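Trainee: Have a look at this one.
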Amino acid sequence: MSGGTFSLLIIGGYGSFGGRLARLLAEEPRLRLLIAGRSLEKADDFVFDLRSPKGGAGRLGSNDLGAWLQAVVFDRDGDLREQLARLRPDLVVDASGPFQSFTGDGYKLVRACIDLGIDYADLADSTGFVAGISGLDAEAKAKGIFVLSGLSSLPALSFAALEAMAPHFSRVESVAAGIAPSAHVKIGLNVVRAIASYAGKPVAVLREGQPTEGRGLIDEMRVTIAPPGVAPLAGRAFLLVDAPDLALLPDRFAGLQSTFTGVGTEPQVLQRLLSAAARLVKIGLLPSLKPFARLLQAASHRFALGAHRGGMFVRLGGLDHDGRRLTADWSLIAEGDDGPFIPVLGVEALVRRLLEGRRPESGARPAAGELSLADFEAAFSQFSIASGIRLDYQEEAQPLYRRILGDAWEKLPPALAAIHAGGTRLASGRARIERGSGFLARLIAGLIGFPAAGEDVPVAVRFVAEGDREIWTRSFGGKTFRSWQAAGTGRERHLLAEVFGPFRVLLALVPEGQKLRLVVRGWRFCGIPLPLFLAPGGDTYEEERDGRFHFHVEIGGRLTGLVVRYSGWLVLE
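Residue numbers are given in full-length UniProt numbering: position 402 of the sequence shown equals residue 402, and the series is strictly consecutive.
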């Protein structure tokens, strides 16, 4: 500490991740932020931007307005002891990477910090680097400092999620984790170089309880990321990547049978081309994809297609304490540009703990388990980030909506939970119905059997659970029409599929206060997928009002206009 101000040196402080960390901490008046890199000009430009009104940070020497900001040169190939002694930081954060490419003594920066008694943390994602940091444990303890490696999405956040789910299990047999970045986020060159370094090359994993070799960016698994109560990401393939979790997990769970860490990028066609290139490395036609890193980065930036949303998942499989088979899924979705902040949230949490006088134990170790999921969730609150856990007992039947909603089921108002409680039930009430007047609207309404327009129309709905689906028979006055609903599978996992005659509509169930919104995420006609922008949609939701179940359903589209809109209330009989 210097003059009551905590001095934080961020190496790579104007880069993709270091820059985001600086922005998160720039409003903290107790900090002296040293923005470091090889280029003083780039560091100066970044600090100038951070000081500007849009940057929102304090000026150099104006602690009442925010952090004390300073641009500095730091050359990791230079005299590290001299540079660190001159800058006198309380904590060094290495956000530069790629850690896979460090040659010679990869820990020379860490050793320099230990020699000078300076705490250290990094965002390393290299399996060897993170797993090997424990070799410096005795030296760090002797100096009374902490050294934390991998304080990032993998393994710090993934292990925080894992530890939150582990108490549900008596035995964990499989662990898988993956990151799905938004296609619209500009991936840094160092990240691309890191991935390219092991494309097509052996990656150590567990299969059937035995250590074996997978192949980077070739082996895959398909996952739908769907936090409870949030519209899921499109299902996608995740390609195997080399992450520290793969080396750390066998020591965490005795009897672990399988491990996987992956990345699922959009558009998937570009990822398939990347996997094909990795196969050329596997068979020896290419020595490595590293020389193509800039080309791969440029392609990812140019073909930024798909939703501007990113996500992450951690999945555990095994037995619960009663011997039942259980799968637990923690998943996260970040909207817009918020996703790239996730890898630095662990460091932000660490810094804020230090400012409160809470230090990690001395020693050098991977950051797996260093922070709790609650620590990360507190950091998520400043962003458009939703996360949650789903527990799937494979041998236990649950009501359809409960299966799809997971933990978000608990957020439903009582009237909605009662309607969707499963089994056979009958509800009745009143409704108002509007019909579209266009030719296509009338044709579709007639084909499905929607009721005619009317005010204060008596309505009855019979719900019948039949295997894995529910049949809904709706009677409006003397007009009856029927649909059936089921949980989506495969690419449609975590979505509700509702079938009206030849139409199959895929819906995301999204709790919102007292409402449950049903958001169209896809549709088919006679089994043929149709463009989403032409899908029938509208403002469709259920809500509790005055203790009753109320519904509002709109069905229409770009080509048809309004087909039908009906709203009203129901009570169970």
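Cβ coordinates follow ideal geometry from the N, Cα and C atoms, glycine included.
Computed from a predicted model, the values in this text were never measured in an experiment.
Going by DSSP, what residue range makes up the beta strand (DSSP E) through residue 120?
Mentor: It spans 119-122 - the beta strand (DSSP E) in which residue 120 sits, taken as one unbroken run.
Trainee: Please say whether residue 146 and residue 343 have beta carbons closer to each other than 8 Å?
Mentor: Their beta carbons are not under 8 Å apart, which means residue 343 does not touch residue 146 by this criterion.
Trainee: Would you tell me roughly how many angstroms separate the C-alpha atoms of residue 356 and residue 131, rounded to the nearest one?
Mentor: Each residue's alpha carbon lies about 29 Å from the other.
Trainee: Measuring alpha carbon to alpha carbon, tell me which residue in 284, 489, 76 is nearest residue 9.
Mentor: Selected option, being the one with the closest Cα: 76.
Trainee: Looking at the unbroken beta strand (DSSP E) that takes in residue 230, where does it start and where does it end?
Mentor: That residue, residue 230, is in no beta strand (DSSP E); it is neither H nor E in DSSP.
Trainee: Can you give me the Cβ contacts of residue 238 inside the same chain, cut-off strictly under 7 Å, excluding the 5 residues immediately before and after it?
Mentor: For residue 238, where only same-chain residues beyond five positions count, the Cβ hits under 7 Å are 178, 220, 221, 223, 262, 263, 264.
Trainee: Should residue 557 be flagged as near chain D, meaning a C-beta pair shorter than 8 Å?
Mentor: No chain D appears in the structure shown, which is made up of a single protein chain.
Trainee: So the beta strand (DSSP E) residue 6 belongs to, where does it begin and stop?
Mentor: Residues 6-11.
Trainee: Following the continuous beta strand (DSSP E) through residue 461, name the residue where it begins and the one where it ends.
Mentor: Note, residue 461: beta strand (DSSP E), 454-466.
Trainee: Where does residue 327 fall in DSSP's three states?
Mentor: Here residue 327 sits in strand by DSSP.
Trainee: Pairing CB atoms from the region 29-48 with CB atoms from the region 108-123, are three or more of them under 8 Å?
Mentor: As far as the Cβ criterion goes, the region 29-48 does not touch the region 108-123, which means the pair count is below three.
Trainee: Report yes if the CB atom of residue 408 is closer than 8 Å to the CB atom of residue 388, and no otherwise.
Mentor: Yes, they are a contact pair.
Trainee: Output the boundary residues of the beta strand (DSSP E) element that contains residue 477.
Mentor: It is not in any beta strand (DSSP E) - residue 477 carries neither H nor E in the DSSP assignment.
Trainee: Among 163, 242, 474, 486, which one has its Cα closest to the Cα of residue 328?
Mentor: It is 163 whose Cα lies nearest to the Cα of residue 328.
Trainee: From 430, 533, 74, pick the residue whose C-alpha is nearest to that of residue 558; which is it?
Mentor: Residue 558 has its Cα closest to that of 533, out of 430, 533, 74.
Trainee: For the 8 Å Cβ check, are there 3 or more pairs between the region 540-550 and the region 524-531?
Mentor: At 8 Å Cβ cutoff, the stretches do not touch.
Trainee: For residue 220, name the three-state secondary structure that DSSP assigns.
Mentor: Three-state DSSP puts residue 220 in a strand.
Trainee: Given this structure, state the Cα-to-Cα distance separating residue 161 from residue 374, to the nearest angstrom.
Mentor: When rounded, the distance between both Cα atoms is 9 Å.
Trainee: Decide yes or no for the touch test of the region 425-437 against the region 449-469: beta carbon pairs closer than 8 Å, at least 3 of them.
Mentor: Yes: the two stretches touch, three or more of their Cβ pairs being nearer than 8 Å.
Trainee: If contacts are defined as beta-carbon pairs under 8 Å, then residue 230 and residue 310 qualify, I think. What distance do you get, rounded to the angstrom?
Mentor: Rounded, the Cβ-Cβ distance is 13 Å, inconsistent with contact.
Trainee: Is the separation between the beta-carbon of residue 66 and that of residue 29 shorter than 8 Å?
Mentor: Contact flag set, yes.
Trainee: Just how far apart, CA to CA, sit residue 482 and residue 473?
Mentor: Those two C-alpha atoms are separated by around 4 Å.
Trainee: Three Cβ pairs or more, each shorter than 8 Å: is that satisfied between the region 125-145 and the region 273-291?
Mentor: Not touching, per the Cβ criterion.
Trainee: For residue 254, does the count of other Cβ atoms within 10 angstroms reach 16, so buried, or fall short, so exposed?
Mentor: Under this definition residue 254 is an exposed residue.
Trainee: Taking the beta carbon of residue 302 as the centre, do at least 16 other beta carbons fall within 10 Å, making it buried, or is it exposed?
Mentor: Label assigned to residue 302: exposed.
Trainee: Going by C-alpha distance, which of 73, 530, 365, 308 is nearest residue 12?
Mentor: The shortest C-alpha separation from residue 12 is found at 73.
Trainee: Which of the three DSSP states is assigned to residue 279 in this structure?
Mentor: Three-state result, residue 279: helix.
Trainee: Return the chain-ordered ranges of every alpha helix (DSSP H) run that is complete within the region 114-184 and spans a minimum of 4 residues.
Mentor: Those alpha helix (DSSP H) runs which fall completely within the region 114-184 and span 4+ residues are 127-132, 137-143, 158-165.
Trainee: Which residue or residues does DSSP assign as beta-bridge partners of residue 14?
Mentor: Residue 14 pairs with nothing; no bridge assigned.
Trainee: Helix, strand or coil: how does DSSP classify residue 215 here?
Mentor: Note: residue 215 maps to strand in three-state DSSP.
Trainee: In angstroms, rounded to a whole number, what distance separates the CA positions of residue 553 and residue 518?
Mentor: Each residue's alpha carbon lies about 9 Å from the other.
Trainee: Which same chain residues, not among the five before or five after residue 315, have their C-beta less than 6 Å away from its C-beta?
Mentor: Same-chain partners within the cutoff: 176, 329.
Trainee: On the DSSP bridge list, what partners appear for residue 360?
Mentor: DSSP output for residue 360 lists no bridge partner at all.
Trainee: Hey, residue 83 and residue 32: beta-carbon distance below 8 Å or not?
Mentor: In this structure, residue 32 does not lie closer than 8 Å to residue 83 by Cβ.
Trainee: Under three-state DSSP, which class holds residue 291?
Mentor: Here residue 291 sits in helix by DSSP.
Trainee: Helix or strand or just coil, what does DSSP make of residue 274?
Mentor: In the structure shown, residue 274 sits in a helix (DSSP, three-state: H, G or I).
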